[in-house]
Amino acid sequence: MSDAEANERRRGAAAGAESAARSEQSSAVSDAEANERRRGAAAGAESAARSEQSSAVSDAEANERRRGAAAGAEVVTSEQALAKSSRQSDIEALVASKGGDWDALLDDIEYADSEQIILNMGPQHPSTHGVLRLILDIDGETVTKARAVIGYLHTGIEKSTEYRTFTQAVQFLTRADYLSPTFNEACYCLAVEKLLGIEVPQRATIMRVLLMEITRISSHLVAIATGGMETGALTGMTMGFRDREEALHIMELVTGLRMNQGFVRPGGVAQDMPPGWEERLDYFIKVMNQRLPEYDELLTGQPIWKARLKGIGYLPVQGCLQLGVTGPPLRSSGLAWDLRKTVPYCGYEEYDFDVPTTTNADAYDRYLLRVAEMHESLKIIKQCRERLKEPGPVMVEDKKIGWPARLSVGADGTGNSLEHIRHIMGESMEALIHHFKLVTEGFTVPAGQAYAAIEGPRGELGAHVVSNGGTRPWRVHLRDPGFVNLQAVSAMCEGGMVSDVVVAIASLDPVLGGVDR
Amino acid sequence: MTETPQKPSAATDVAHTAAGPLTGPTGKGAPVPPTTPERHGMFHARDTGDTSGYGRLAIAPVTPAPATRPFGGYFDEVADALAAAMAERGIPESAVEQVTVAATEMTIYVSRAHLVALLQTLRDEESLRFEMLSSLSGADYGVDVPRRLHVVYELLSLTYRRRVRLEVSVNVDDATVPSAVSIYPTADWHERETYDMFGVVFAGHPGLTRILMPDDWVGHPQRKDYPLGGIPVEYKGHEIPPADQRRAYT
Numbered sequence: 000m001s002d003a004e005a006n007e008r009r010r011g012a013a014a015g016a017e018s019a020a021r022s023e024q025s026s027a028v029s030d031a032e033a034n035e036r037r038r039g040a041a042a043g044a045e046s047a048a049r050s051e052q053s054s055a056v057s058d059a060e061a062n063e064r065r066r067g068a069a070a071g072a073e074v075v076t077s078e079q080a081l082a083k084s085s086r087q088s089d090i091e092a093l094v095a096s097k098g099g100d101w102d103a104l105l106d107d108i109e110y111a112d113s114e115q116i117i118l119n120m121g122p123q124h125p126s127t128h129g130v131l132r133l134i135l136d137i138d139g140e141t142v143t144k145a146r147a148v149i150g151y152l153h154t155g156i157e158k159s160t161e162y163r164t165f166t167q168a169v170q171f172l173t174r175a176d177y178l179s180p181t182f183n184e185a186c187y188c189l190a191v192e193k194l195l196g197i198e199v200p201q202r203a204t205i206m207r208v209l210l211m212e213i214t215r216i217s218s219h220l221v222a223i224a225t226g227g228m229e230t231g232a233l234t235g236m237t238m239g240f241r242d243r244e245e246a247l248h249i250m251e252l253v254t255g256l257r258m259n260q261g262f263v264r265p266g267g268v269a270q271d272m273p274p275g276w277e278e279r280l281d282y283f284i285k286v287m288n289q290r291l292p293e294y295d296e297l298l299t300g301q302p303i304w305k306a307r308l309k310g311i312g313y314l315p316v317q318g319c320l321q322l323g324v325t326g327p328p329l330r331s332s333g334l335a336w337d338l339r340k341t342v343p344y345c346g347y348e349e350y351d352f353d354v355p356t357t358t359n360a361d362a363y364d365r366y367l368l369r370v371a372e373m374h375e376s377l378k379i380i381k382q383c384r385e386r387l388k389e390p391g392p393v394m395v396e397d398k399k400i401g402w403p404a405r406l407s408v409g410a411d412g413t414g415n416s417l418e419h420i421r422h423i424m425g426e427s428m429e430a431l432i433h434h435f436k437l438v439t440e441g442f443t444v445p446a447g448q449a450y451a452a453i454e455g456p457r458g459e460l461g462a463h464v465v466s467n468g469g470t471r472p473w474r475v476h477l478r479d480p481g482f483v484n485l486q487a488v489s490a491m492c493e494g495g496m497v498s499d500v501v502v503a504i505a506s507l508d509p510v511l512g513g514v515d516r
Numbered sequence: 000m001t002e003t004p005q006k007p008s009a010a011t012d013v014a015h016t017a018a019g020p021l022t023g024p025t026g027k028g029a030p031v032p033p034t035t036p037e038r039h040g041m042f043h044a045r046d047t048g049d050t051s052g053y054g055r056l057a058i059a060p061v062t063p064a065p066a067t068r069p070f071g072g073y074f075d076e077v078a079d080a081l082a083a084a085m086a087e088r089g090i091p092e093s094a095v096e097q098v099t100v101a102a103t104e105m106t107i108y109v110s111r112a113h114l115v116a117l118l119q120t121l122r123d124e125e126s127l128r129f130e131m132l133s134s135l136s137g138a139d140y141g142v143d144v145p146r147r148l149h150v151v152y153e154l155l156s157l158t159y160r161r162r163v164r165l166e167v168s169v170n171v172d173d174a175t176v177p178s179a180v181s182i183y184p185t186a187d188w189h190e191r192e193t194y195d196m197f198g199v200v201f202a203g204h205p206g207l208t209r210i211l212m213p214d215d216w217v218g219h220p221q222r223k224d225y226p227l228g229g230i231p232v233e234y235k236g237h238e239i240p241p242a243d244q245r246r247a248y249t
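Here the protein sequences line up with chains S and Z, keeping their order.
In terms of numbering that gives the first Met the number 0, the first sequence is residues 0 to 516.
In terms of numbering that gives the first Met the number 0, the second sequence is residues 0 to 249.
Written out as structure tokens, the structure reads:
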């Protein structure tokens with residue numbers, strides 16, 4: 000392989016490395032050719048990036064080394080040569096099929112020069128909160144460069160919604176951030192309702208608030224549990240999952256499913272509260288009142304927990320605003336920005352609760368905030384319980400929008416309401432036609448676009464919905480807080496130690512289902 | 000708490016426009032093309048196959064209606080402040096193509112030539128202070144629509160608790176938009192995603208690579224001419240065609 004060729008290939012591979020492309024400033028970006036090359040570039044991101052960095056190795060030096068290797072090859076026996084040549088052809092075939100040359104890349108890396116190592120962490124790693132991949136440049140134990148690579152859980156949720164009706168789209172979006180399904184549903188439904196220009200019934204809004212706050216508790220519990228597990232506080236993990244189970248039981252009671260409920264729909268919610276919900280909710284509140292203080296007892300004052308978390312993942316308020324970071328990381332830097340208070344939706348202005356803040360902007364403060372927010376959520380849940388005493392409709396009266404499915408508890412535990420089936424099958428032809436049209440075709444939404452933002456457990460969760468006046472969303476975009484917050488990984492981890500990377504990421508609490516959608 | 004802006008009725012628009020001069024962005028830029036394509040038939044049926052008679056039904060494309068004063072709510076204040084700041088900073092009036100107020104939200108359609116200057120103005124001007132870029136995403140308005148690729152900027156002012164949307168539209172064969180990373184660093188990943196999904200090239204982005212799809216992926220999946228699925232599903236010894244080529248009953 001000629002030098003020119005090798006260089007060409009190396010450059011191509013380097014362009015494929017996401018960080019290498021970052022360092023090569025702008026100019027090539029608009030260049031269609033560069034894009035073409037980047038698309039065709041081989042994998043091997045980190046070594047390529049490295050070879051680009053240590054480009055201090057001059058061509059002459061590289062030639063020298065290559066010549067030395069050739070001289071060494073002369074002394075091999077004929078048998079070895081045969082084996083080597085067959086291996087050589089294998090490698091050549093591999094190179095031809097994959098488009099990269101590892102030998103050429105590795106030759107150019109000057110390992111002896113520094114202690115720098117490139118460490119690939121993930122996407123299969125128990126401490127990266129899912130399929131997050133990190134490329135860490137480390138010098139000893141110090142992280143000099145941290146880059147997050149995402150996309151391993153991309154399932155095309157946004158594209159899929161364009162092929163379903165507005166109501167069906169809920170079932171896709173609830174699966175994006177799988178730890179906060181109710182939030183995904185609610186913010187999408189708020190955007191659709193904005194476009195429709197409808198007001199959902201009061202009781203449906205209260206139920207949404209109730210379910211969102213229960214989900215916030217279960218999501219924060221998982222954040223503490225997985226964060227604890229990743230730092231070795233395994234009791235925190237078992238406690239977190241134990242208590243989350245209580246929250247999921249309530250979700251199952253009300254919606255029928257523990258996760259991915261698809262319960263919140265454009266126009267309201269799917270069902271009214273089930274019989275006996277008051278006792279179950281009271282039990283939940285009682286259990287949580289007992290157990291939430293246990294986190295303070297186990298973790299808050301614990302020296303090891305404090306030593307691991309304090310001062311780690313520091314991100315001040317300026318950094319948060321520039322990087323678009325919201326949620327507990329923003330509030331831990333002292334800014335009391337909670338959309339429930341600042342830009343209220345779903346009637347949050349009528350509830351009595353506080354927005355806790357701290358000022359140290361580190362992982363420990365974010366932990367404290369999550370615990371405090373669970374207490375606040377519990378306050379809201381108690382108020383919802385009082386407000387739900389008043390009966391009322393849970394879906395808009397407009398029969399052209401309100402989903403007609405009426406479920407009731409049958410002999411097998413669940414099923415369609417026999418009354419509703421009797422009505423559409425036996426009594427009214429029009430009702431049957433209407434039911435059929437709404438279920439198969441869906442309802443039309445006026446052309447336009449809307450953006451609805453709510454305060455998810457991780458920060459601002461937004462849904463941008465575009466309609467072309469048809470029965471299917473023309474475009475749905477979820478602004479997932481995890482996606483945006485993950486951009487802060489570099490700022491939070493660089494200069495720290497490898498073990499602190501785990502803590503910093505846990506304090507952001509990204510959920511890769513939402514990040515990659 | 001912000002007050003909810005109401006969409007003004009057509010009658011009041013005319014009255015106010017006649018009463019006082021427009022002081023907000025005047026919408027002197029290129030006209031905003033329709034944002035929904037012409038639709039044919041019902042149930043997405045094409046040509047034959049639909050015997051209902053609706054098969055050749057065509058619905059005219061929709062163009063976002065320009066709003067006239069008063070916009071309602073805080074939108075007038077934003078428009079006034081923006082117009083004043085634009086004049087002060089020497090940004091031509093043609094930078095703003097149109098202002099639309101719909102679904103209680105304000106959309107400012109801008110030309111890409113002045114996008115970065117406008118973002119800088121919106122962020123830094125004391126009377127505007129849109130400190131945060133909440134979201135940046137793309138939308139493809141259909142194959143036959145002129146300037147079909149749109150880039151949407153959801154701006155948030157923490158000071159005034161206001162939101163405003165900026166929108167830029169470009170053609171597919173010239174899909175270049177200046178990058179907002181220098182103004183809002185958070186745009187980094189958003190722009191990479193928009194490039195990945197729609198093929199909009201953000202000039203000046205520090206490292207515009209794919210972010211969700213693999214590096215060697217061909218095509219931009221969220222474009223409307225890119226089918227759902229798009230690639231065959233491969234099993235050992237068997238292959239299932241992509242979703243759009245399977246037998247369908249729609």
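No residue lacks a Cβ here, since even glycine has one placed at the ideal position from N, Cα and C.
I'd like the list of long-range same chain contacts for residue i, defined as Cβ closer than 7 Å, with 5 residues on each side in sequence excluded.
i: Z/W216; result: R209
i: Z/V163; result: V77, M105, I107, F129, L154
i: S/K309; result: D361, Y363
i: S/A430; result: H422, I423
i: Z/R111; result: V167, V169, V176, P177
For residue i, I'd like the list of residues in its chain whose CB is within less than 8 Å of its CB, leaving aside the five on either flank, ordered along the chain.
i: S/G468; result: T443, V444, P445, A446
i: S/V370; result: H219, I223, L291, Y294, D295, T299
i: Z/A202; result: T175, V176, P177, S178
i: S/K381; result: I284
Any Cβ of chain Z within less than 8 Å of the Cβ of residue i?
i: S/F482; result: yes
i: S/K285; result: no
i: S/G495; result: no
i: S/S217; result: no
i: S/N259; result: no
i: S/Y162; result: yes
i: S/S179; result: no
i: S/H476; result: yes
i: S/K381; result: no
i: S/N467; result: yes
i: S/A145; result: no
i: S/Y450; result: yes
With residue i as the anchor, note down where its alpha helix (DSSP H) starts and where it stops.
i: Z/D139; result: Premise fails: Z/D139 lies in the beta strand (DSSP E), 131-139, not in any alpha helix (DSSP H).
i: S/Q260; result: From DSSP, S/Q260 is part of no alpha helix (DSSP H); its letter is neither H nor E.
i: Z/D195; result: 186-197
Pick out whichever of the options has its Cα sitting closest to the Cα of residue i.
i: Z/S134; options: S/K340, S/D499, S/A449, S/H219; result: S/A449
i: S/V253; options: S/I303, S/R207, S/L322, S/L131; result: S/R207
i: S/E527; options: S/Q170, S/M287, S/V465, S/T237; result: Outside the modelled stretch of chain S, which goes from 0 to 516, sits residue 527 of chain S, for which no answer is possible.
i: S/R474; options: S/P480, S/N259, S/V464; result: S/V464
i: S/L377; options: S/R215, S/A185, S/E140, S/H128; result: S/R215
So that I know if they touch, is there some Cβ in chain S lying closer than 8 Å to that of residue i?
i: Z/L220; result: Checking the sequence, you will find Pro at residue 220 of chain Z rather than Leu. Yes - at least one Cβ of chain S is within 8 Å of the one on Z/P220.
i: Z/I239; result: no
i: Z/M212; result: yes
i: Z/V95; result: no
i: Z/A83; result: no
i: Z/G52; result: The predicted model places Z/G52 with a pLDDT of 49, which falls under 50 and marks its position as unreliable; any figure quoted below should be read in that light. Z/G52 does not count as touching chain S.
Kindly list, in the order they appear in chain A, the residues whose Cβ is closer than 7 Å to that of residue i.
i: Z/T185; result: Considering every chain present, this structure includes no chain A. Its protein chains are S and Z.
Buried or exposed: where does residue i fall if 16 or more other Cβ atoms within 10 Å of its Cβ makes it buried?
i: S/K158; result: buried
i: S/Y363; result: buried
i: Z/V264; result: Residue 264 of chain Z lies beyond the range of chain Z shown here (0 to 249); nothing can be said about it.
i: S/P355; result: buried
i: Z/P33; result: buried
i: S/I303; result: exposed
Let me check you understand the geometry: is the CB of residue i closer than 7 Å to at least one non-hydrogen atom of the ligand NAD?
i: Z/A179; result: For the ligand NAD, the structure offers nothing, since it holds no ligand at all.
Could you please give the first and the last residue of the uninterrupted beta strand (DSSP E) stretch that includes residue i?
i: S/P328; result: Segment 327-330 is the alpha helix (DSSP H) holding S/P328; no beta strand (DSSP E) there.
i: S/E454; result: 447-455
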